[in-house]
Structure formats: C-alpha cells, structure tokens
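Participant: Quick note, the sequences are listed as chains A and B, same order. For the first sequence, our numbering begins at 3 and goes up steadily by one. For the second sequence, our numbering begins at 148 and goes up steadily by one. There's a structure below that I have some questions on.
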Amino acid sequence: MQNLLKTVGQIFLLWLIYFISTWIVEFFHLPIPGSVLGMLLLFALLSGGIIKEQWLALGANPLLKHLSFFFIPIAVGLMEWGELFTQKGHLLFLPLVMSALVALITTGIVVQALTKSREQEGGSN
Amino acid sequence: MPTTILIILTVLLYLISRKIFLHTKNPLFNPVLLSTTVIIIIFHYTGITFEQYKPGKDIMTFLLGPATVALALPLYLNRAVLLQVLFPILFGICFGALATLTTAVLLAKFSGLDALIVASIAPKSITAPIAIEISRLTGGDPAIAVAFVVFTGTFGSIIGPSLLSSCKITNPIARGLAMGVTSHGQGTATILQEGALQGAMAGVAMAVAAIFISLIAPLYIPWLVNL
Numbered sequence: 003m004q005n006l007l008k009t010v011g012q013i014f015l016l017w018l019i020y021f022i023s024t025w026i027v028e029f030f031h032l033p034i035p036g037s038v039l040g041m042l043l044l045f046a047l048l049s050g051g052i053i054k055e056q057w058l059a060l061g062a063n064p065l066l067k068h069l070s071f072f073f074i075p076i077a078v079g080l081m082e083w084g085e086l087f088t089q090k091g092h093l094l095f096l097p098l099v100m101s102a103l104v105a106l107i108t109t110g111i112v113v114q115a116l117t118k119s120r121e122q123e124g125g126s127n
Numbered sequence: 148m149p150t151t152i153l154i155i156l157t158v159l160l161y162l163i164s165r166k167i168f169l170h171t172k173n174p175l176f177n178p179v180l181l182s183t184t185v186i187i188i189i190f191h192y193t194g195i196t197f198e199q200y201k202p203g204k205d206i207m208t209f210l211l212g213p214a215t216v217a218l219a220l221p222l223y224l225n226r227a228v229l230l231q232v233l234f235p236i237l238f239g240i241c242f243g244a245l246a247t248l249t250t251a252v253l254l255a256k257f258s259g260l261d262a263l264i265v266a267s268i269a270p271k272s273i274t275a276p277i278a279i280e281i282s283r284l285t286g287g288d289p290a291i292a293v294a295f296v297v298f299t300g301t302f303g304s305i306i307g308p309s310l311l312s313s314c315k316i317t318n319p320i321a322r323g324l325a326m327g328v329t330s331h332g333q334g335t336a337t338i339l340q341e342g343a344l345q346g347a348m349a350g351v352a353m354a355v356a357a358i359f360i361s362l363i364a365p366l367y368i369p370w371l372v373n374l
C-alpha cells in the first residue's frame, strides 16, 4: 500500500515536470517538444542533486518498462491511412531499408574509428 | 462500443503480445506490431471506427509525456560511461542520426512520395514518443510516424547485430551506439543481450539522438523536404 502511494506520488512528480516543460515551450514558443525539454530538465535536476534518483525510481520504472504500450493506441490511427499504404507501400521500402543500413554502418564505423584512435593515443603515452 | 471495453481490449492484447515477445525474443513479435495489427483487423471486421476509439486512446496515452520525461533517468545512471568517451559518443550519435534522417527523407522525396509521408519518415529512427512530437512539429502525421518507427526498430533489430559483425564493427561501445541510433528502444533491448555495456550505450544513443534531432528538426526537416 505504501509502495503504491509512493509510485503514484513519483509519477505525479514526473507529470509535474512534464506539465511545467510543456508550459515553458508554449509560453516561449520554443521549437522543441515539451517532453524533450522535460527530459533535459530532469537530467539537469538529477545532475545538480536537486532531485534524487531514489525519489523517482519507483514511479519511473513501470512507465519505462511499459513505454511501448503507449504507442499501440497511437499506431491504431494507421487504420485511417489504409489506402495510402496499399497504393504507395512499395515505395516506402527503399528509403526505410537504406536509411536503416546507413544508420547502423555510419554510427558503428565512426565510433569504432574514434575510440580506436583514442586507445592508440593512450597506448603511446 | 463503450470506451471501457476498447481500453480493456488494448491492455489485454498488449499483455498477451508482451508475453509472446518475451518468450520468443523474436523482433517480429514485438508488442506494438502484434497488438496494433490485431486491433486494426478486429476493428475492420466489427466496423469500429478510429473516431470511436479516440476517447480511449486519449485516456491510455495520458501518461506518455511523464514516461518520456522518465527517459532522463537511465541516461543519468549511465553518465559515467558517457563522460569517459564523451566526444566519440556524441559525435558518432549525431553523425549517424543526421545521416539516416537525410537518407530517408531524400530517398522518400525522390521516390515521389507525398510531403506528408516524407515529413513523417524523417524521425523514423527516433524513439516513438519523441518521433510523434517531431512529426507534429514538421507537418507529418503521428500514426504514420509510429509505423515507420516500429518498422525501423524491427528491421534494425533483425539485421543489426549480424550486419555490424560482417562490417567488422566489434567494439562494444560502437555496436551499442549503432543499434540505439538506428532502432531506438527495440535496438536497445536487442543489443542488451550481447552485454550490459552495449545495452547502456544503446540507451544513451537513443536519448541523445532524440534530443539532437528534436533540436535541429524544426529548421532542418522542412528545409530538406522542400529542397
């Protein structure tokens, strides 16, 4: 019972950060999503020691564990676009597949090359 | 059809598909792909419209914002590794995220797809909650954006580990980051099976790529779409 109250309270704290960030974004007409500002804000609050990790873990863990649940109701909206996909679905294949290959290979090669050169620098010292 | 029943249906399908996914560990059986397909098929045969589903959808997605904010927590817990190799990590993530977005948008554009699709394909490697927001900011559609996100997450999880190996990318940091940049949460879950460092790196990549792309999106995506 006590844990349940804690979880609800911690989710409320996360919601409060989200609410404030969304408000800031709207008030200042910032061109970023409120949830991204909220994420940056929470990271800053944690790094500054203003919010402790233990104050949030109980509420954050179930939300993160079931994050993909939230995408299901949104993805159901695809049913309104059925025609578009049956007509042009085949055209989507090339951009989606090629860009995924590009992401995997460029990120992998760039990071491996940069960390390798650092290791060699470290070794020569 | 009352909203309560539609919510119970969605939750039940999620729980069942999650069980199937955790049991098979097959990226093709990920809960979003499986549940969404089944729901759309049920709606198709029972004549339920998206309009009727909307009130339930709004209730179910109420906590998506706070859940996205919570992504800061794993990023914070991994800050030690992040700071150790800060430059290669940040540069690699931003380079990869930019390269994949640009490739997707340009290829979609030259394939003759509508501007709505081109704008929705741009955030396809970004974690879904933020891809939804980016698509709203740049003239795309959230549902189409989620479809591309899930396709990319699934495809990258299937081919990623073996493609990286065949390109001789063996460094665990590089493998984790590549999977996170490409396939966000799904890629993170996949590469976590190789080790904790790979998983942590993928989580870092997913968060940093989302932040980086949302910062450049409002200017870069419309520019690219109208090029």
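Glycine included, every Cβ here is placed at the ideal spot set by N, Cα and C. Here the structure is a predicted model, which is why all the values come from computation and not from measurement.
What's the C-alpha gap between GLY342/B and VAL328/B?
Facilitator: The count along the second sequence starts at 1 and reaches residue 342/B at position 195. The count along the second sequence starts at 1 and reaches residue 328/B at position 181. Rounded to the nearest angstrom, the two C-alpha atoms are 17 angstroms apart.
Participant: What does THR329/B touch in chain A if you count any residue whose Cβ is under 8 angstroms from its own?
Facilitator: Working through the second sequence from its first residue, we reach residue 329/B at position 182. ALA102, ALA105, LEU106, THR109, listed in chain order.
Participant: Closer than 8 angstroms is the cut-off here; do at least three beta carbon pairs connect the region 70 to 84 of chain A with the region 190 to 207 of chain B?
Facilitator: These segments touch.
Participant: By the 8 angstroms beta-carbon criterion, what residues does the region 172 to 205 of chain B contribute toward chain A?
Facilitator: ASN177, PRO178, VAL179, SER182, THR183, ILE186, ILE187, PHE190, HIS191, PHE197, TYR200, GLY203, LYS204
Participant: In chain order, what residues of the same chain lie with their CB nearer than 8 angstroms to the CB of ARG283/B, ignoring the 5 residues before and after it?
Facilitator: What you label residue 283/B is simply residue 136 of the second sequence in a count that begins at 1. Answer for ARG283/B: PRO289, listed in chain order.
Participant: Going by CA-CA distance only, name the one from ALA227/B, LEU153/B, ASN173/B, ILE277/B that's closest to MET207/B.
Facilitator: Against the second sequence, residue 207/B aligns to sequence position 60. The residue with the shortest Cα to Cα distance from MET207/B is LEU153/B.
Participant: Less than 6 angstroms between C-beta atoms, sequence neighbours within five positions excluded: which residues of the same chain meet that for LEU339/B?
Facilitator: One-based indexing of the second sequence puts residue 339/B at position 192. Correct list, in chain order: GLY346.
Participant: At the 8 angstroms Cβ level, is LEU80/A part of the contact set with chain B, yes or no?
Facilitator: Sequence index remark: in the first sequence, residue 80/A carries index 78 (1-based). For LEU80/A, the answer is yes, since a Cβ of chain B falls inside 8 angstroms of its Cβ.
Participant: I'd like the list of long-range same chain contacts for GLY307/B, defined as Cβ closer than 8 angstroms, with 5 residues on each side in sequence excluded.
Facilitator: Taking the first residue of the second sequence as position 1, residue 307/B is located at position 160. ALA325, MET326, THR329, SER330, GLY334, THR337, ILE338, listed in sequence order.
Participant: If the cut-off is 9 angstroms on Cβ atoms, which residues from the region 15 to 29 of chain A count as contacting chain B, listed in chain order?
Facilitator: LEU15, LEU16, TRP17, LEU18, ILE19, TYR20, PHE21, SER23, THR24
Participant: How is the alpha helix (DSSP H) around ALA354/B delimited, first residue to last?
Facilitator: Walking along the second sequence from the start, residue 354/B turns up at place 207. Counting along the chain, the alpha helix (DSSP H) containing ALA354/B begins and ends at 343 to 372.
Participant: Could you tell me the alpha carbon to alpha carbon distance between LYS201/B and HIS68/A, rounded to whole angstroms?
Facilitator: Within the second sequence, residue 201/B is the residue found at index 54, counting from 1. Within the first sequence, residue 68/A is the residue found at index 66, counting from 1. Approximately 20 angstroms between the Cα atoms of the pair.
Participant: What residues in its chain sit with their C-beta under 6 angstroms from that of GLN323/B, if we drop five residues either side in the sequence?
Facilitator: Position 176 of the second sequence, counted from the first residue, corresponds to residue 323/B. Note that residue 323/B is Gly in the sequence shown here, rather than Gln. The residues are ILE338, GLN345, MET348, ALA349.
Participant: Please name the residue, chosen from PRO369/B, THR150/B, LEU224/B, that lies closest to GLY51/A on a Cα-to-Cα basis.
Facilitator: In the first sequence, residue 51/A corresponds to position 49, counting from 1. Answer by Cα proximity: LEU224/B.
Participant: Consider the Cβ of GLN89/A: report whether some Cβ of chain D lies at a distance smaller than 8 angstroms.
Facilitator: Any reference to chain D falls outside this structure, whose protein chains are A and B.
Participant: For TYR367/B and chain A, any beta-carbon pair shorter than 8 angstroms?
Facilitator: For the purposes of this step, residue 367/B is taken as residue 220 along the second sequence, with counting starting at 1. No, its Cβ sits nowhere closer than 8 angstroms to a Cβ of chain A.
Participant: Flag this pair as yes or no: are the beta carbons of ALA217/B and LEU16/A separated by less than 8 angstroms?
Facilitator: For the purposes of this step, residue 217/B is taken as residue 70 along the second sequence, with counting starting at 1. For the purposes of this step, residue 16/A is taken as residue 14 along the first sequence, with counting starting at 1. The beta carbons of ALA217/B and LEU16/A sit closer together than 8 angstroms.
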